[in-house]
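Residue numbers (full-length UniProt numbering), protein chains in the order written: chain U, 1 to 248; chain G, 1 to 158.
We put the beta carbon where it would ideally sit given N, CA and C, even for glycine.
Keep in mind the model is a prediction, meaning the values are calculated, not measured.
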Amino acid sequence: MWTFIHKWGSPKWFYAISAKVQPWCWAVSLILIATGTVWGLAFTPTEVNQGQGDSFRIIYVHVPAAFLAQSVFVSMAAASLVFMVWKVKVADMAATVMAPFGAVMTFVALFSGAVWGVPTWGTWWMWDARLTSMLILLFLFLGVIALRSAFTRREGGSKAASVLAMVGVINIPIIKYSVDWWFTLHQSATFTLTSRPLMPMEMWLPLLIMVLGFYCFFIALTLMRTRSEILRREIDKRWVRDLIKEAQ
Amino acid sequence: MTPKRRQKLAVILGALALAAVAVGLTLYALRANINLFYSPVQIALGDAPIERAIRAGGMVKEGSVVRDPQSLDVEFLVTDYVDELAVAYNGILPDLFREGQGVVVVGKLSTDGRFIADKVLARHDENYMPPEVSQALEDAGYSPADYQDQPVEAAKRE
């Protein structure tokens with residue numbers, strides 16, 4: 001068991017095993033996202049209870065993006081912790097490549113929420129607890145990215161970015177519970193995996209498919225980009241040079 | 001795990017716990033400012049400042065919306081099912097504005113206890129419903145508004 005976990009810490013092993021896992025992740029994510037998109041946009045009925053009509057379909061991008069934004073931050077912080085305590089370099093590489101994707105997901109969640117807010121709330125922005133804490137998450141992502149590149153030596157940048165990522169994780173429960181702790185303009189959670197869905201199945205299932213698809217996409221992209229990062233950082237290692245020779 | 005690593009892990013987790021407590025206390029102390037709006041019961045208790053720009057929120061009371069046929073003036077009651085707040089507004093209401101639906105009104109509380117709104121925002125909840133389900137519920141004798149009990153819960157928490 002422990003030897004298996006330790007193997008993942010080796011860049012060479014990670015590079016070899018991720019090559020096998022990666023295509024499956026891409027395939028599954030593409031199938032799920034394509035199914036969810038077509039189902040959610042074309043076949044799911046419109047919303048009538050609150051008079052939202054078709055604008056509610058933004059949920060099929062907004063909710064998965066918001067889920068991912070938070071999950072990516074937690075993953076990045078976990079990788080940072082593994083790097084700081086156990087000095088696993090692959091963990092640092094994974095944390096490096098996760099940050100830009102997380103920032104993009106946070107932006108997508110904020111932007112799609114703003115677009116949704118205009119026809120439903122009547123405003124595209126409100127400084128309520130959910131929106132503000134999500135904006136802070138975006139700044140945390142940008143801060144982690146900026147901090148990493150602000151050092152001349154990579155080691156220093158990695159440590160500083162790891163510390164910010166770990167401390168920033170405190171924001172995640174605040175985002176999650178903001179709609180319960182305070183009065184907000186934002187609604188309470190629509191989508192949980194733990195309780196009975198509040199929306200009927202024909203609306204909920206495509207959302208579930210989209211969320212799972214986004215998660216698979218995140219895994220596939222992280223594997224792919226970590227592989228590139230491994231090659232970039234291990235360029236002087238013998239196994240990488242052998243690999244390059246083989247490719248030529 | 002070597003003792004050095006164990007110590008490092010303990011230091012990091014300890015620092016995180018301290019930071020979390022600090023943030024938690026700060027947010028707790030600032031809770032009145034983080035709340036986006038005052039509920040009618042808070043206004044009735046005199047928590048909200050008068051003649052200053054504030055926000056109030058709750059449900060539009062069923063049957064309380066009165067429109068002036070000559071102008072865009074509209075008056076309605078916002079309720080949290082404990083207390084009510086009379087709101088006066090001049091302007092175009094958002095599409096989702098309806099009786100039994102949540103709203104956030106931006107404006108000032110006048111000395112006579114009425115709320116003069118500059119802006120009305122609709123607040124929606126997590127009860128999404130397609131046409132058939134809504135129809136089925138109505139046939140069974142429920143109104144979709146029965147499912148919008150969230151502000152009541154919010155008021156209970158206060």
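>> Closer than 8 Å is the cut-off here; do at least three beta carbon pairs connect the stretch 105–120 of chain U with the stretch 52–60 of chain U?
In response: Remark: three or more beta-carbon pairs, one from each stretch, lie closer than 8 Å, so the stretch 105–120 of chain U and the stretch 52–60 of chain U are flagged as touching.
> Is it right to say residue 111 (chain G) is buried, meaning 16 or more other beta carbons lie within 10 angstroms of its own, or is it exposed?
Replying inline: Here residue 111 (chain G) is taken as the residue at index 111 of the second sequence, counted from 1. Exposed, because fewer than 16 other Cβ atoms sit within 10 Å of the Cβ of residue 111 (chain G).
> Considering residue 56 (chain G), what are the terminal residues of the beta strand (DSSP E) in which it resides?
Replying inline: Stepping through the second sequence from its first residue, residue 56 (chain G) is reached at position 56. Bounds of the beta strand (DSSP E) holding residue 56 (chain G) are 53–60.
>> Spatial neighbours of residue 50 (chain G) within its chain, please: C-beta separation below 7 Å, excluding the five flanking residues on both sides.
In response: Reading the second sequence from its first residue, position 50 is the one you call residue 50 (chain G). 109, 111.
> By how many angstroms is the C-alpha of residue 23 (chain G) removed from the C-alpha of residue 117 (chain G)?
Replying inline: The residue labelled residue 117 (chain G) in the question sits at position 117 within the second sequence. The residue labelled residue 23 (chain G) in the question sits at position 23 within the second sequence. Cα-Cα distance, rounded: 34 Å.
> Using 8 Å as the limit for Cβ to Cβ distance, is residue 67 (chain G) near chain U?
Replying inline: Start at 1 with the first residue of the second sequence, and residue 67 (chain G) comes out as number 67. Closer than 8 Å to the CB of residue 67 (chain G) there is not a single CB belonging to chain U.
>> Measuring alpha carbon to alpha carbon, tell me which residue in U:156, U:129, U:138 is nearest residue 180 (chain U).
In response: As a working note, residue 180 (chain U) is residue 180 in the first sequence. Nearest option by C-alpha distance: U:129.
>> With a threshold of 8 Å between beta carbons, is residue 108 (chain G) in contact with chain U?
In response: Your numbering for residue 108 (chain G) matches position 108 in the second sequence. Judged by the 8 Å Cβ criterion, residue 108 (chain G) is not in contact with chain U.
> Taking buried to mean at least 16 other C-beta atoms within 10 Å of its own C-beta, is residue 46 (chain G) buried or exposed?
Replying inline: Taking the first residue of the second sequence as 1, we reach residue 46 (chain G) at position 46. Flag for residue 46 (chain G) reads exposed.
> Considering only residues of the same chain and omitting the five flanking positions on each side of residue 228 (chain G), which have a CB-CB separation below 7 Å?
Replying inline: Outside the displayed range of chain G (1 to 158) lies residue 228 (chain G), so it cannot be described from this structure.
>> So if DSSP puts residue 13 (chain G) in a beta bridge, which residue, or which two residues, is it bridged to?
In response: Mapped onto the second sequence, residue 13 (chain G) falls at position 13. DSSP output for residue 13 (chain G) lists no bridge partner at all.
>> Going by DSSP, what residue range makes up the beta strand (DSSP E) through residue 87 (chain G)?
In response: Taking the second sequence and counting its residues from 1, the one referred to as residue 87 (chain G) is at position 87. First-last of the beta strand (DSSP E) with residue 87 (chain G): 84–90.
> When you check each C-beta in the stretch 78–102 of chain U against every C-beta of chain G, which residues fall closer than 7 Å?
Replying inline: Only 81, 84, 85, 86 from the stretch 78–102 of chain U bring a Cβ to less than 7 Å from some Cβ of chain G.
>> Between residue 223 (chain U) and residue 18 (chain U), how many whole angstroms is the CB-CB distance? I'm expecting something under 8 Å.
In response: On the first sequence, residue 223 (chain U) is found 223 positions in, with the first residue counted as 1. On the first sequence, residue 18 (chain U) is found 18 positions in, with the first residue counted as 1. Indeed, because the Cβ distance is near 4 Å, the residues count as touching under 8 Å.
> Considering only the beta carbon of each residue, do residue 53 (chain U) and residue 206 (chain U) sit closer than 8 Å?
Replying inline: Working through the first sequence from its first residue, we reach residue 53 (chain U) at position 53. Working through the first sequence from its first residue, we reach residue 206 (chain U) at position 206. Against a cut-off of 8 Å, the Cβ pair of residue 206 (chain U) and residue 53 (chain U) comes out as no contact.
> Is the number of C-beta pairs between the stretch 3–23 of chain G and the stretch 77–84 of chain G that are closer than 8 Å three or more?
Replying inline: These segments do not touch.
>> For a test of the three-state rule: what should DSSP assign to residue 43 (chain G), helix, strand or coil?
In response: As a position in the second sequence, residue 43 (chain G) is number 43, starting the count at 1. Reduced to three states, the DSSP call for residue 43 (chain G) is helix.
> Given that residue 115 (chain G) touches chain U, what residues does it touch there, using C-beta distances under 8 Å?
Replying inline: Within the second sequence, residue 115 (chain G) is the residue found at index 115, counting from 1. Correct list: empty, because the minimum Cβ distance to chain U is about 16 Å.
> Would you say residue 5 (chain G) faces chain U, with C-beta separation under 8 Å as the test?
Replying inline: Numbered from 1 along the second sequence, position 5 holds the residue referred to as residue 5 (chain G). Residue contact check for residue 5 (chain G) against chain U: a CB pair falls below 8 Å.
> residue 62 (chain G): buried (16+ other C-beta within 10 angstroms of its C-beta) or exposed?
Replying inline: Within the second sequence, residue 62 (chain G) is the residue found at index 62, counting from 1. It counts as exposed.
> Beta-carbon of residue 90 (chain G) versus every beta-carbon of chain U: anything under 8 Å?
Replying inline: On the second sequence, position 90 is the one that residue 90 (chain G) refers to. Not closer than 8 Å to any Cβ of chain U, the Cβ of residue 90 (chain G) fails to qualify, so no.
> Straight-line CA distance for residue 228 (chain U) to residue 211 (chain U)?
Replying inline: Within the first sequence, the letter at position 228 stands for residue 228 (chain U). Within the first sequence, the letter at position 211 stands for residue 211 (chain U). If you take the alpha carbons of residue 228 (chain U) and residue 211 (chain U), they lie about 26 Å apart.
> Using 8 Å as the limit for Cβ to Cβ distance, is residue 54 (chain U) near chain G?
Replying inline: Position 54 of the first sequence, counted from the first residue, corresponds to residue 54 (chain U). Residue 54 (chain U) does not count as touching chain G.
> For residue 1 (chain G), does the count of other Cβ atoms within 10 angstroms reach 16, so buried, or fall short, so exposed?
Replying inline: Translated into the one-based positions of the second sequence, residue 1 (chain G) becomes position 1. Taking all protein chains in view, the Cβ of residue 1 (chain G) is surrounded by fewer than 16 other Cβ atoms within 10 Å, so the residue is classified as exposed.
>> Within 10 Å of its beta-carbon, does residue 4 (chain U) have 16 or more other beta-carbons around it, so buried, or fewer, so exposed?
In response: Against the first sequence, residue 4 (chain U) aligns to sequence position 4. When all chains shown are included, residue 4 (chain U) counts as exposed.
> In whole angstroms, what separates the C-alpha of residue 80 (chain U) from that of residue 95 (chain U)?
Replying inline: Locating residue 80 (chain U) in the first sequence gives position 80, counting from the first residue. Locating residue 95 (chain U) in the first sequence gives position 95, counting from the first residue. Distance between the alpha carbons of residue 80 (chain U) and residue 95 (chain U) is about 6 Å.
> Excluding five sequence neighbours on each side, which residues of the same chain lie with their C-beta closer than 6 Å to the C-beta of residue 121 (chain G)?
Replying inline: By 1-based counting over the second sequence, the position of residue 121 (chain G) is 121. Cβ contact annotation for residue 121 (chain G) (same chain, cutoff 6 Å, sequence separation greater than five): 104, in chain order.
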